[in-house]
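Residue numbers (full-length UniProt numbering): 1 to 177.
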């Protein structure tokens, strides 16, 4: 009989323990889930704080890129006395592509819409240069290309380079909110 009373006591203690652990689990279950949820939110916030300087730098670099491919700055910087039309076209296109490749990783730190705007501006600049060359006679000089591109830019109501920079500035302001 001692064994039966021992097994009965052990079973009642085991059942009581199981009930106690089950009740305790359901009482603290939400607290445990909230703890891990807040921990993951804190990790996300920390990673965003770590990315902030890189995101700001990406915007800065893209503004410099836009300024550098602006036809007025680009043509002034690359112009050489007596340069031929083909030589200036090649020089300008290579410069735009080089600048773009130098900044291509910045797309990791800015939103997709902004990156697409920057990429489209680059593509439009290349197209503008190529279109200007097509409209010139074969014996035209680099000066003629510069004049044609700058005349075209003067006919545009809103400067796309300024608009793109304004877009990036607004995007930066969102980062500070």
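Built from N, CA and C at the ideal position, the CB exists for glycine as well.
In this structure, how does DSSP classify residue i when only helix, strand and coil are distinguished?
i: residue 114; result: helix
i: residue 72; result: helix
When you compare each of the options to residue i by their alpha carbons, which one comes out closest?
i: residue 82; options: 140, 20, 34 and 165; result: 140
i: residue 153; options: 79, 90, 52 and 72; result: 72
i: residue 101; options: 51, 118 and 21; result: 118
i: residue 79; options: 165, 36, 145 and 176; result: 145
i: residue 86; options: 172, 156 and 132; result: 132
i: residue 172; options: 56, 30 and 149; result: 56
i: residue 137; options: 84, 51 and 120; result: 84
i: residue 166; options: 68, 59 and 124; result: 59
i: residue 99; options: 109, 110, 74 and 26; result: 74
If you count every other CB in all the chains shown that lies within 10 Å of the CB of residue i, and 16 or more means buried, which is it?
i: residue 5; result: exposed
i: residue 11; result: exposed
i: residue 70; result: buried
i: residue 127; result: exposed
i: residue 32; result: exposed
i: residue 142; result: buried
Could you tell me the alpha carbon to alpha carbon distance between residue i and residue j, rounded to whole angstroms?
i: residue 76; j: residue 116; result: 27 Å
i: residue 65; j: residue 94; result: 14 Å
i: residue 23; j: residue 112; result: 49 Å
i: residue 89; j: residue 54; result: 34 Å
i: residue 97; j: residue 34; result: 50 Å
i: residue 29; j: residue 21; result: 12 Å
Am I right that residue i and residue j are in contact with their C-beta atoms under 8 Å? What's the rounded C-beta distance?
i: residue 129; j: residue 92; result: 5 Å
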